[in-house]
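Encoded as structure tokens, the structure appears first; notes follow it.
Number of protein chains: 2
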Amino acid sequence: MDYTGRQQRLAQALDGLKLDALLVTHAVNVRYVCGFTGSNAVLVAGPRRCILLTDGRYAEQANAEAQNVRVVIARGALLPEAAKILKKQRTAAAGIEAEHMPVAQRSILRGLLPKKVRLRETTGVVEQLRMMKEAAEISNLRQSVLLGARLFDTALEAVRPGVREIGVAAELEYAARRLGAEAMAFDTIVAAGRRSALPHGRASAAPIPARGFVVLDWGVKLAGYCSDQTRTVHVGTPDSEMRGQYMAVREAQQAAMEAVRAGATAGDVDRAARQALQHSGLARYFTHSTGHGVGLEIHEAPRLGKGLHERLRAGMIVTIEPGVYVPGKGGVRIEDMLCVTETGCEVLTPTTRELITL
Amino acid sequence: MDYTGRQQRLAQALDGLKLDALLVTHAVNVRYVCGFTGSNAVLVAGPRRCILLTDGRYAEQANAEAQNVRVVIARGALLPEAAKILKKQRTAAAGIEAEHMPVAQRSILRGLLPKKVRLRETTGVVEQLRMMKEAAEISNLRQSVLLGARLFDTALEAVRPGVREIGVAAELEYAARRLGAEAMAFDTIVAAGRRSALPHGRASAAPIPARGFVVLDWGVKLAGYCSDQTRTVHVGTPDSEMRGQYMAVREAQQAAMEAVRAGATAGDVDRAARQALQHSGLARYFTHSTGHGVGLEIHEAPRLGKGLHERLRAGMIVTIEPGVYVPGKGGVRIEDMLCVTETGCEVLTPTTRELITL
Chain A
1 MDYTGRQQRL AQALDGLKLD ALLVTHAVNV RYVCGFTGSN AVLVAGPRRC ILLTDGRYAE
61 QANAEAQNVR VVIARGALLP EAAKILKKQR TAAAGIEAEH MPVAQRSILR GLLPKKVRLR
121 ETTGVVEQLR MMKEAAEISN LRQSVLLGAR LFDTALEAVR PGVREIGVAA ELEYAARRLG
181 AEAMAFDTIV AAGRRSALPH GRASAAPIPA RGFVVLDWGV KLAGYCSDQT RTVHVGTPDS
241 EMRGQYMAVR EAQQAAMEAV RAGATAGDVD RAARQALQHS GLARYFTHST GHGVGLEIHE
301 APRLGKGLHE RLRAGMIVTI EPGVYVPGKG GVRIEDMLCV TETGCEVLTP TTRELITL
Chain B
359 MDYTGRQQRL AQALDGLKLD ALLVTHAVNV RYVCGFTGSN AVLVAGPRRC ILLTDGRYAE
419 QANAEAQNVR VVIARGALLP EAAKILKKQR TAAAGIEAEH MPVAQRSILR GLLPKKVRLR
479 ETTGVVEQLR MMKEAAEISN LRQSVLLGAR LFDTALEAVR PGVREIGVAA ELEYAARRLG
539 AEAMAFDTIV AAGRRSALPH GRASAAPIPA RGFVVLDWGV KLAGYCSDQT RTVHVGTPDS
599 EMRGQYMAVR EAQQAAMEAV RAGATAGDVD RAARQALQHS GLARYFTHST GHGVGLEIHE
659 APRLGKGLHE RLRAGMIVTI EPGVYVPGKG GVRIEDMLCV TETGCEVLTP TTRELITL
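Protein sequences appear in the order of chains A and B. For the first sequence, the positions run 1 to 358 when our numbering is used. For the second sequence, the positions run 359 to 716 when our numbering is used.
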């Protein structure tokens, strides 16, 4: 990972914001900027150097992991230590990560600093850098996607009428661990029958009915990077309405994928999916956005939603995941991860998108 | 669950704080106050009634789960809706949960409200209520602890030299799911050999060595309530130093348990564990606090740490978990959950605390 380059780009961003320092407190952002993975850390990022604050539990780990930064082991809380550094560096304006720092922390920090030090709210400074993936990150994400995709076979074996949704999740997660996943990237979704119409139907104790869709949405973490994939299968023979619903989602996903290329906006991609669903009259049942970035976090920038102007760039990794949820009947979602290229995209997920009937 | 009682106690707390309303934004606190488990919610708690705001995805779920509140489905973001309610109610002073609300959210909210509405930072208002468990909560926690404890046998079968730590975690988590756990309560810790000296050693790809301690720390969620348990086993025959270390931790745990009763302070319990370790000269290797509350969250109030004045009350559920970590050698931690009673405590964890050699 190019920590030096990341720190340089962060310094440029601070320069653009006229900040002397940024207190990076969101753990994933700390990891991105310097490689440290401990749970208690503040990174004081400045124009020339970064200082990593953590506590004694992590002394060994910080020295082993953190790249190109000075490590300071605080004896007590980290914010007083960070305030000392800001004072020593004669900081005039320091940024905080306003989307992550709780109000109470800001109040503590404010109380520790002289009035002349300005605290400025920033949003998405490190997140902007994280959108563009380096080659090593794309490689990690590719490995994570491939590991995740291998779990689909396990799920297909587990899904049958009468088995509880959490039973399917158990098999899938066990296989993930055995294949070497660090963790699941999020709570596995297994939503069967009428529950498949709940876009956020975490696996429940409900048994899989004799007939209907089963939405499976899962992801793993490998070397810190997340995978995210959804497949919808049908238990029993689907009627023509069910088949039509599935094909409509598949076509919407295809249309959105074809809209992906460097220079397209997030809104362009989202619109492609919605327009495709209008042909089949199902657009009103597509109630969420079309996709999102994936990296160290399962949901990161850019979001691919209605009317969003963010332009895609080569090297972004996003999901494309339209869904159609007919209340009281059932839902279909198909989700793959892909890498944006200059001329289009490369789909990373190797799994078939044909409708599988069990 | 006594949602009506909780809402009454919350109203009393607001009265004591001279607040007209509290915006409850921490999801677990929303669940505690009204029963709603969706991920996107703001509860506007007032002296006479509570209003729950969520989005369209959760309409059905909110109406099914939320008790004794008015449900409002917002079309867009929730904070503008909350601001409308505060204005309509002519609120003079509204509290925010300062430990949970990010700075950026507060700024948005501030911008939506007239200047005359004061926003006051509160900490731990709902958390204070959550410390005292109701009978139904204790029953849920008991079930969760019993389910969690059943996983120890699985772990004992899995632990052997050469097996990777994550392999042990995989077996344990699979068994948890099969027994009906909703989820693990936290990342399972399996730390073997020298790694057992890392108090926060999440399961890694490292193989279990031929000889040494293995610290196993795991918990499950059942009906929303967490369990938390640690056992340390020894692979191969322990030498007398290892045995001594184990016995010292066991005695420290016993001493701390004997110090638990309604009226004792958190610091009293912590001191009992530390004093016991002084006899064996190992107190300097006990680098964390003695325990913490457990409920809907794995770590909640009260914390049982050095010099803390919080008084225990009957109906609190806490862990007692002293540990001794000798760098470069190995660590031992033993952790059980117990319920504070008027005269002492009831240990909920049914697992033996004898040293098991594998």
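Where a beta carbon is used, it is the ideal one built from N, C-alpha and C, also for glycine.
- When B:S497, B:E479, B:D694 and B:R608 are compared, the shortest CA-CA separation from H650 (chain B) is found for B:D694.
- Chain-order list of chain A residues neighbouring H650 (chain B): empty, with the shortest C-beta distance near 15 Å, by a criterion of under 9 Å.
- Residue environment for N63 (chain A): exposed (fewer than 16 other C-beta atoms within 10 angstroms of its C-beta).
- Proximity of chain B to H200 (chain A) at the Cβ level (cut-off 7 Å) is accounted for by R415, in chain order.
- Contact between I454 (chain B) and V214 (chain A) does not hold, since their C-beta atoms are separated by about 41 Å, which reaches or exceeds 8 Å.
- Sequence-distant Cβ neighbours of Y416 (chain B) in its own chain, meaning closer than 6 Å and more than five residues away, are G396.
- The C-beta of H234 (chain A) comes no closer than 8 Å to any C-beta of chain B.
- Here N140 (chain A) has L222, A223, G224 and Y225 as same chain residues with Cβ atoms under 8 Å from its own Cβ, once five neighbours each way along the sequence are excluded.
- Taking a cut-off of 8 Å for Cβ pairs, the region 201 to 221 of chain A and the region 172 to 190 of chain A touch, as three or more such pairs fall below it.
- Residue environment: D511 (chain B) is assigned as exposed (fewer than 16 neighbouring CB atoms within 10 Å of its CB, all protein chains considered).
- In this structure, A181 (chain A) sits near L147 (chain A), with a CB-CB distance shorter than 8 Å.
- In its chain, beyond the 5 residues on either side, L79 have a beta carbon closer than 6 Å to the beta carbon of I108 (chain A).
- Taking a cut-off of 8 Å for Cβ pairs, the region 36 to 53 of chain A and the region 72 to 89 of chain A touch, as three or more such pairs fall below it.
- Under DSSP, K687 (chain B) forms no beta bridge with any residue.
- For H592 (chain B), the secondary structure class from DSSP, reduced to helix, strand or coil, is strand.
- Your pair G35 (chain A) and E60 (chain A) does not check out as a contact, with CB atoms roughly 14 Å apart and the cut at 8 Å.
- With a contact defined as Cβ atoms closer than 8 Å, R31 (chain A) and R49 (chain A) miss out at about 18 Å.
- Taking all protein chains in view, the Cβ of M605 (chain B) is surrounded by fewer than 16 other Cβ atoms within 10 Å, so the residue is classified as exposed.
- Residue-level contact by beta carbon fails for I208 (chain A) and chain B, as no gap is shorter than 8 Å.
- Residue range A417 to E423 is occupied by the alpha helix (DSSP H) that includes A420 (chain B).
- Residue environment for P660 (chain B): buried (at least 16 other C-beta atoms within 10 angstroms of its C-beta).
- The beta carbon of D187 (chain A) sits closer than 8 Å to some beta carbon of chain B.
- The count of Cβ pairs closer than 8 Å, one atom from the region 254 to 274 of chain A and one from the region 230 to 242 of chain A, stays below three, leaving the stretches out of contact.
- Not one beta carbon of chain B lies nearer than 8 Å to the beta carbon of T4 (chain A).
- With contact defined as three or more Cβ pairs closer than 8 Å, the region 478 to 496 of chain B and the region 554 to 571 of chain B are not in contact.
- Secondary structure of F644 (chain B) (DSSP, three-state): coil.
- Counting only unbroken stretches of 4 or more residues, the alpha helix (DSSP H) elements lying wholly within the region 369 to 427 of chain B are 385 to 392 and 417 to 423, in sequence order.
- Relative to I566 (chain B), the option among B:A494, B:L666, B:E609 and B:A516 whose CA is nearest is B:A516.
- If the five residues before and after D187 (chain A) are omitted, its C-beta is found closer than 7 Å to the C-beta atoms of R202, all from its own chain and listed in chain order.
- For A613 (chain B), the CB contacts under 8 Å within the same chain, skipping 5 residues up- and downstream, are A630, A631, Q633 and A634 in chain order.
- Short of 8 Å from the beta carbon of M316 (chain A), and not among the five residues preceding or following it, lie these beta carbons of its own chain, in chain order: M131, M132, K133, G293, P302, C339 and V340.
- The beta strand (DSSP E) runs of length 3 or more contained entirely in the region 145 to 208 of chain A are, from start to end of the chain, 189 to 192.
- Note on L713 (chain B): 16 or more other CB atoms within 10 angstroms of its CB, so buried under the neighbour-count rule.
- Interface flag for R160 (chain A) against chain B is unset, since no Cβ pair is found closer than 8 Å.
- Comparing alpha-carbon positions, the option among B:E668, B:M615 and B:Q611 lying closest to T623 (chain B) turns out to be B:E668.
- Shown in chain order are the members of the region 96 to 129 of chain A whose Cβ falls below 7 Å from a Cβ of chain B: I96, A98, E99, H100, M101, P102, V103, A104, R106, S107, E121 and T123.
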